[in-house]
Each structure stands twice: as structure tokens, then as C-alpha cells.
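Read top to bottom, the protein sequences are chains L and W.
Numbering follows numbering that gives the first Met the number 0, with no gaps: position 492 of the first sequence is 491.
Numbering follows numbering that gives the first Met the number 0, with no gaps: position 260 of the second sequence is 259.
A virtual CB, placed ideally from N, CA and C, is assigned to each residue, including glycine.
On a predicted model such as this, the values are computed, not experimentally measured, just so you know.
Step one of this worksheet: look at the structure below.
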Amino acid sequence: MILGIDLGTTNSLAAVWQDGRAVMIPNALGQTLTPSVVGLDDQGEVLVGQAARERLLTHPQLTASVFKRYMGSNRTERLGTQSFRAEELSALVLKSLKADAERFLGQPVEEAVITVPAYFSDAQRKATKIAGQLAGLKVERLVNEPTAAALAYGLHEGSPESRFLVFDLGGGTFDISILELFEGVMEVRASAGDNFLGGEDFSELLIDGFIEAVGKARGLSDKQADANLYQALRKQAEQAKRTLSSAERASMELHYQGELLSWTISDSEFLQRCEPLLKRLREPIERALRDARLKAIDLDQIVLAGGATRKPIIRKLVAKLFGRLPAMNINPDEVVAQGAAVMAGLKARDAALNEVVMTDVAPYSLGIEVSEQTAPGRYQPGFYLPIIERNLVVPVSREQVVNTVADNQTALHVRIFQGESRLVKDNIFLGEITIPVPPKPAGQMAVSVRFTYDVNGLLEAEMTVEATGEKHRLIIEDNPGVLTPEQVEERLHALSKLKIHPRELLPNATLLARADRMYQQLLGDERQWVAQAAAQFQAILEQQDEAAIVKAREELKRVLDELEGEGWL
Amino acid sequence: MTMSSPECWQHLGLTPTPDEREIKRAYARLLKTTRPEDDPEGFQILRSAFEAALWAADALRQAGPAPEVAEAPGRDTRDLNLEAQLRPHIEELARLNEQGTSEEALLALAELMVRFDLHTAKQQDAQLWSLFEDGMLWVCCDIAANHDDFLREAIALFGWTEPGNWLAEKDARTVEWLKLRLKEADALSAVDALLDQLERGEEGDASQQLAHLVEDEMLVNVDVRHLFEAELMVGLSELEPLPMVFSQRAIELFGWQRDYRHLHEYHPEAWERFHGRAEHLVV
């Protein structure tokens with residue numbers, strides 16, 4: 000069984016292709032969304048999901064979130080005395096999803112299809128594959144998130160021919176893909192995106208607004224200075240964001256140095272603050288449409304994916320941008336995971352999907368550094384020569400011929416980059432190789448550079464010295480920010496030593512973490528109620544009577560729900 | 000990898016055709032046995048053949064005649080008679096939209112309304128009114144160069160973009176398209192106003208106005224904004240001398256230094272003219 004996984008910035012989900020359809024997998028709490036939050040509990044055991052999310056507030060030093068943003072970089076996050084890379088934290092989330100799937104399916108799961116933002120770079124993709132490996136999963140395929148969403152929609156629609164645009168705004172990333180569906184072929188025409196734009200940025204705006212309006216006057220000017228305060232503010236901001244989806248104003252409150260700071264923001268003020276973020280949504284849309292040579296009016300449907308598209312301000316903007324209402328037939332939180340399950344079904348050659356073929360594109364250009372003549376006989380390095388232009392259908396292979404620039408040049412240094420900028424310094428460096436060439440006068444030694452890019456986004460470069468026919472190959476495998484195979488082994492070993500909090504005890508741990516978090520937030524009588532209810536529950540836990548525990552859990556949940564107005568996910 | 004025309008048809012098992020659908024069908028059939036993940040080399044050849052065939056088909060379509068539309072059967076004599084009487088007038092409206100001024104087209108429309116007493120027909124002669132409406136819909140949707148004011152007048156006359164209009168039921172896409180055209184018409188008026196300001200030498204005011212427009216509700220729609228940018232560029236390309244401050248502002252506000260393909264595609268000569276003179280502005 001191949002597992003389809005949406006490894007998100009805020010939440011992660013898993014689904015499988017079963018009996019001709021995508022089936023969502025519930026976690027230990029019976030929910031399909033598992034918060035992408037990892038922490039260590041007081042015993043040093045790993046907690047993943049809602050329990051860890053509750054502890055973000057009470058134990059920020061032992062908890063990590065939004066680490067997807069650091070995939071493909073060397074940044075590490077400290078949890079207590081240990082430090083973890085984004086791949087490792089992601090691996091712990093994947094492990095938890097894998098355990099949920101194994102429990103649900105009653106069989107071991109060793110293979111997965113994982114979705115990544117379409118605009119994820121080479122290094123970020125490799126880091127995602129390594130995260131899978133660290134979780135004990137063979138990553139059969141990486142699929143672009145909007146493509147996955149389109150796969151789910153394409154099958155759902157059943158209309159023989161259509162063109163649609165997927166607007167995918169997740170917790171941390173923004174992707175646009177334009178697809179064409181014909182005769183069972185799902186063809187991605189173009190993808191574009193922004194790797195650092197998502198729902199989390201809207202929360203940050205509210206935090207900044209709070210600090211500006213009421214924090215600064217009380218000496219609170221750096222939101223990151225105190226991890227506890229920051230997490231408390233983030234929680235408030237998330238609640239305010241949700242409130243603003245349906246109400247005209249929302250408040251944020253924070254206990255700071257014995258004082259209750261409170262700030263109210265109106266819907267229109269929030270909209271105004273969002274302007275700069277909303278503007279950033281336009282560029283990828285324009286680029287994708289131009290790459291696909293289409294006008295918005297030519298599209299049959301606008302499809303929404305990603306939790307942030309639930310926000311009314313986003314939906315209103317989408318309607319205005321495209322002059323029509325977007326489709327919302329599939330839950331935007333689940334649509335990417337469903338598509339991953341479809342891809343897993345395709346990969347497993349499921350008979351129900353025999354007539355479906357998907358083709359995708361390389362969302363960014365790939366090229367090399369070249370020198371340009373700035374004056375007779377004077378060359379300046381640093382210019383970019385794209386070899387594979389973005390949005391070509393993959394797999395793809397393209398070639399360019401370059402020449403030596405100096406007399407009797409004996410070596411050619413080929414540096415490979417990814418990106419769209421004219422100067423290589425503004426693009427992402429992927430790798431390099433030096434190849435010897437026979438000495439000749441300047442410009443007379445030609446080398447052809449062939450790039451081959453496969454369906455998983457693996458790039459291979461082949462340089463052929465035209466005079467001698469000598470070939471040199473370079474497979475871009477270990478780029479900066481990506482672990483080497485030896486390092487992966489090392490991390491696997493380190494991760495295997497971690498104790499994971501038992502899955503069947505997660506509902507209890509989650510509830511207690513929530514009680515702790517609420518105790519910290521509340522005051523007075525309410526605080527005492529939480530303390531009492533939690534103490535009673537803990538006492539029953541110690542008796543180890545399963546029936547009594549279930550009953551007590553329901554009771555504690557009821558008390559907490561009542562205090563919070565609603566269950567918050 | 001590029002492929003010659005005869006070769007691509009052979010790969011797809013087709014004889015040369017302008018029919019895009021036929022090409023897609025052949026590609027889709029072959030794709031199911033040449034999947035990109037299983038046979039990367041085979042797929043790349045198939046893909047090249049597919050793309051080459053689409054280009055070739057496009058060329059064939061542009062060279063060949065437009066397909067004839069079949070006459071709908073079962074129409075009564077009055078219907079055919081009325082249509083024969085209306086047709087030359089409708090065709091004249093189309094011609095005036097393409098070659099005449101907006102005033103001439105509107106005047107001809109008013110005369111037509113009087114000649115056939117169409118105001119009365121609207122209430123009392125559904126058959127005549129619907130033939131007239133069909134003809135007008137053709138002028139508005141199929142004549143690419145129709146005048147904005149003519150379009151506005153027609154949409155107001157028939158209420159095509161109003162909720163509950165028959166057209167919304169029958170052809171929602173056409174309604175969407177007409178709504179877009181109305182918005183585009185407003186955007187084009189705004190371009191004209193800017194160019195007038197520039198011609199009067201009020202470059203500072205025009206630059207300020209442009210900065211306001213960029214934020215305006217009217218330019219949120221991606222297609223409308225696209226057309227606005229393109230028409231503005233064409234207008235600027237015709238100004239002598241090029242208003243430098245304003246052009247600089249336009250380049251910055253719309254990010255033309257980043258991506259100007261839509262401008263180039265819209266009007267290659269105008270873009271060359273504009274770009275040639277504004278190049279030193281494009282950093």
C-alpha cells in the first residue's frame with residue numbers, strides 16, 4: 000500500500016487509494032488534520048500533532064512548529080538539550096502519519112507519495128525525500144501540491160475537457176497551477192508560486208499590529224524576545240483570524256507584567272493590513288497565465304486548495320481577480336492529500352486509474368553561469384544562461400553550446416543554477432564541475448551542456464567537449480542545505496534512539512496539554528475549574544481502568560469545551 | 000528537441016489536420032502506453048511530436064477558410080423573411096463597429112430601431128425582437144473590434160448581464176465574457192484619459208493618477224489589468240517625446256522590468272518602439 004501524504008506547514012494529512020477512491024486516514028484523535036508540530040514531553044518522549052500544538056504555549060522551549068519553512072536549509076531547532084533539522088522534525092510528523100495509517104489499514108506501510116509546494120527548490124525537494132527516508136518511508140514520488148489538488152478535482156469533475164487554475168494558499172506557501180484536462184490526460188500547463196507566503200503570515204500581521212498598538216507603550220516591542228509570550232500571541236492571533244472570518248471585529252488579549260493588554264481590530268482594518276500580502280498573490284498568477292498563454296476568461300474553473308482559502312478575504316479577492324466565484328466542491332484542507340492518494344493509486348497501477356495519465360512541468364528554469372563580452376576582448380562572468388526554461392513538460396532534456404573565452408584555456412568551470420534572474424548571484428546555486436579542455440584560441444573550444452530533468456525533479460548535467468567527444472556527467476545530489484547519505488545514516492541512528500509517546504495514550508496527553516494551556520491563559524474561578532477537572536482526570540488515569548478513563552476523558556473535554564466556547568482544532 | 004512537420008504527424012499516426020481535438024486524442028491514446036515516469040525517452044519524443052503538431056495545426060487553421068456553420072432546420076417563412084430583412088442592417092452595424100466611428104454605429108442602431116419599430120416589437124413581437132437580439136449578440140461577441148459605447152448600449156438594451164436574463168441560463172460563459180468586456184471598456188477609457196493628460200503635458204498629474212489606478216478596484220481582475228497595461232504601453236509608444244517620468248512609474252508599478260511578455264505579444268512593434276526609447280529606464 001502506498002500512502003499519500005500532504006506534509007503541510009500548519010497541518011499534515013494522509014490518505015490512501017482504496018476501492019477506487021481516496022480515503023482519508025484518521026489520527027489517534029480521530030481527526031484527519033494532524034498539526035505539523037513536534038515536541039518533547041516532560042519525560043523526553045516525542046509528541047506529535049495536537050498535543051504538541053497545545054504545548055507550544057506552555058512549553059515553547061520543548062516544542063517546534065512551522066519548520067517546513069526551513070526545509071533545505073541548515074537551520075536547526077532546539078528542543079530542550081537536543082537540536083533538530085527541519086527534515087528530522089518532518090520525519091517525526093511522517094512517522095506519526097505512518098503509524099496512523101498502519102493502524103487504520105492493519106498492515107505495514109513502507110512507501111509514500113509526498114506532496115511539496117510546486118515552487119519548492121531542488122534542495123527543498125531533496126530534504127523532503129530525506130524526511131521520508133528518516134521516517135522509514137520510501138518516497139515513491141514527490142508531487143506538486145496544486146497538481147495533487149487538480150488530480151483530486153479532475154477525477155471528481157468527470158467532465159471530459161476543461162481548463163482550470165488551482166489557487167493553493169496553505170499555511171506557509173502559495174502555489175498556482177494551470178491545468179488542462181482532455182481524454183484522461185491531466186496536463187499541467189504552468190506553475191508559479193511564492194515559498195514564503197501563507198496563512199501564517201496573516202497571523203504574524205495581527206501579532207505585529209498588537210505589538211504596535213498596545214505592546215510598545217508597555218515596553219513590549221520584540222515579539223520574539225520571549226517564546227512564551229510569542230506563542231500566546233500567536234494563539235490569540237489565530238483565534239482573531241478565525242473570528243474575523245465571520246464577525247466584523249475581533250480582539251486579542253495578553254497578560255503582560257501583571258496587566259491585561261487588549262486590542263480590537265475591525266474587519267476593514269485587517270483588510271487594510273493584509274494589502275501588501277494580498278498584492279503578492281498577483282505576480283505568480285500573472286506569470287502562470289502568461290506562461291500558459293491563457294487569459295483568465297479562458298479558464299473553466301478556479302479551484303481552491305489550502306486552509307487559508309477558507310478566509311473570506313481570500314475568497315473575495317479570488318472572485319475579483321478572476322471575475323467569477325471559485326469552486327469549493329472538495330474540502331480545501333483535504334484536497335491535496337486526496338490528490339496524493341490518487342497519485343499513489345496511479346503509482347500502484349490501480350485498475351480504476353488505467354485511463355488517467357498526468358504530466359507535470361518544471362516550475363523554474365535551470366541553467367549555467369556564462370561570461371558576457373562587455374568590451375572587445377573583455378569578458379565579465381556572472382550572467383545566467385537558462386538551458387531548461389521553466390514550465391516545460393517533464394521529463395525534459397535540452398542542450399546549449401558554450402565556448403571558451405580565453406586563449407589556451409585549459410579548463411571549463413561549469414556552475415549550475417536554478418531561477419529566473421539575469422544574474423546568477425540572484426539565482427539558487429545547485430552544483431559545479433570543472434572539466435579539462437584542449438587549449439585553443441579563445442572562442443574556438445566548444446562544449447555542449449545538456450540538462451536532463453526527470454519526473455521527480457532530479458537534474459542531471461552532461462558536458463561534451465565537441466573537439467574530443469569526451470563526456471562529463473554531474474548529477475546534482477548533494478547541494479548546500481541537503482544532508483549527504485552518510486549524514487542521513489547518522490540522523491537515522493539518532494532518531495531511532497528517541498522514544499515516541501505511545502500512540503494509544505495520545506488522546507489523554509492531548510487533553511492534559513490542553514488543560515495546562517488553558518490554565519495558563521485563564522484567571523480566577525475558571526482557572527480553578529480547569530485545575531480541578533485536570534487533577535480529577537489525572538487521578539483516574541492512575542487507576543488504569545480503561546472504561547473509567549474513557550468516561551473521565553469525555554467529562555474533562557466537556558468542561559474544557561464549555562470554557563472555550565467551542566472545540567478548537 | 001524540435002521536430003519537423005511530416006515527422007510529427009507520422010509519430011502521432013495522423014495525416015496533417017487543423018483539428019486540435021484530433022491531435023489531442025491521438026496524443027492521449029499514445030500517452031497511455033508511453034507514460035512519462037515509465038518511458039522518459041519515448042515520452043519526450045511523443046511530447047515533441049505533439050507540440051510540433053499543435054503548431055502545425057495552428058498554421059493550417061490560419062491558412063484555411065473558417066468552417067461553415069450549418070443552418071438550423073425547421074424555421075418558418077416569417078422567420079426567414081424577417082431575418083433576410085434584418086441581416087443587411089446587422090452586417091452594416093458590424094462593419095461600422097470595425098471600420099466606422101462609435102457615433103456612426105450608435106446612430107445606425109437608432110435608425111434600425113425606428114425602421115423596424117423595435118421598441119414596440121420588444122413588447123409585442125417576440126419573434127422579431129429575438130432575431131434582432133441574436134444579430135446584436137453576434138455583433139457584440141463575434142466582432143472583435145466593436146466599440147465600447149456600442150457594447151454598453153447593447154448590454155443595457157437587452158440586459159444580458161443582469162441576473163435572471165435568459166442568456167445567463169443558456170450561456171453563462173458569454174455573460175462572463177460580456178461582463179469582462181464592460182470592465183475592459185472602463186479600463187480603456189481610463190487609458191485614454193491618461194494619454195490625453197500626457198498630451199496636454201500634465202505628466203506629473205498623470206503619474207499620480209496612474210498610481211491611484213493601480214490600486215483601483217477596476218484593475219483587480221487579471222484580464223482587465225493585462226489589457227490596461229498593454230493599451231497603455233501602445234499609447235505611450237506613440238507619444239513623441241516619450242514621457243520619461245510617467246513611463247518610469249508605469250514600469251515600476253506594473254513590474255514591466257520583470258516580465259513584459261504580455262506587452263510584446265500584444266503588439267510587438269509598439270513594444271519595440273516603447274522599449275527602444277525606455278530601455279535606459281528599465282533597470
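- Interface flag for W/W176 against chain L is set, since a Cβ pair is found closer than 8 angstroms.
- When the five nearest sequence neighbours on each side are left out, the beta carbons in the same chain lying within less than 6 angstroms of the beta carbon of L/F382 are those of V369 and E371, in order along the chain.
- Of all residues in the segment 17-35 of chain W, only K23, R24, A27, L30, K31, R34 and P35 come within less than 7 angstroms of chain L when Cβ atoms are compared, listed by chain position.
- Shown here for W/L111: same chain residues with a beta carbon closer than 6 angstroms to its own, the five before and five after excluded, namely H88 in chain order.
- It is roughly 20 angstroms from the alpha-carbon of W/A167 to the alpha-carbon of W/E183.
- Considered as a whole, the segment 16-103 of chain L harbours 49-57 as its complete alpha helix (DSSP H) runs of no fewer than 4 residues, in chain order.
- Judged by DSSP in its simplified three-state form, W/R34 adopts coil rather than helix or strand.
- Annotation for L/I313: L168 and A307 place their beta carbon closer than 7 angstroms to its own, counting only its chain and skipping 5 residues before and after.
- Bounds of any alpha helix (DSSP H) do not take in L/K137; it lies within the beta strand (DSSP E) bounded by K137 to N143.
- A direct Cα-to-Cα measurement between L/V22 and L/R421 gives close to 45 angstroms.
- Counting C-beta pairs with one atom in each stretch, the segment 314-332 of chain L and the segment 347-357 of chain L have fewer than three that are closer than 8 angstroms, which means they do not touch.
- Against chain W, the CB of L/V393 has a partner CB under 8 angstroms away; the residue lies at that interface.
- Boundaries of the beta strand (DSSP E) harbouring L/T114: E110 to V115, taken from the DSSP string.
- With contacts defined as CB atoms closer than 8 angstroms, L/L494 and L/L133 qualify as a contacting pair.
- Taking CB atoms only, W/N220 has a neighbour in chain L less than 8 angstroms away.
- Within chain L, not a single residue places a beta-carbon under 7 angstroms from that of W/L13; the smallest gap is close to 14 angstroms.
- A direct Cα-to-Cα measurement between L/F173 and L/I548 gives close to 43 angstroms.
- L/L61 and L/D515 have their C-alpha atoms some 15 angstroms from each other.
- Judged by DSSP secondary structure, L/Y255 falls within the beta strand (DSSP E) whose first and last residues are R248 to Y255.
- Within the same chain, and ignoring the five residues on either side of W/A93 in sequence, the residues whose Cβ sits closer than 7 angstroms to its Cβ are V138 and I142.
- L/Q408 carries a coil assignment under DSSP once its states are collapsed to helix, strand and coil.
- Counting the other CB atoms within 10 Å of its CB gives L/V36 a total of 16 or more, which places it among the buried residues.
- In this structure W/H146 is buried. Its beta-carbon is surrounded by 16 or more other beta-carbon atoms within 10 angstroms.
- The beta carbon of L/I129 sits no closer than 8 angstroms to any beta carbon of chain W.
- Annotation for L/N26: T33, G48 and D99 place their beta carbon closer than 7 angstroms to its own, counting only its chain and skipping 5 residues before and after.
- Within 10 angstroms of the beta-carbon of W/W165 lie fewer than 16 other beta-carbons, which makes it exposed.
- Judged by beta-carbon spacing, W/Q43 lies within the 8 angstroms limit of L/S396, meaning their Cβ atoms are closer than that value.
- Under the 8 angstroms criterion on CB atoms, W/D185 is classed as non-interfacial with respect to chain L.
- For L/Y363, no alpha helix (DSSP H) segment is defined, and its DSSP state is neither H nor E.
- Using a CB distance below 7 angstroms, the part of the segment 431-456 of chain L facing chain W consists of D453 and V454, ordered along the chain.
- Contact with chain L is found for W/R260, since one of that chain's Cβ atoms lies less than 8 angstroms from the residue's Cβ.
- Its Cα nearest to that of L/S95, the residue L/E503 stands out among L/R472, L/I387, L/E503 and L/P59.
- Here the C-alpha atom of L/I539 lies approximately 58 angstroms from the C-alpha atom of L/A287.
- Within the segment 107-124 of chain L, contact with chain W at the beta-carbon level (separation under 7 angstroms) is assigned to no residue.
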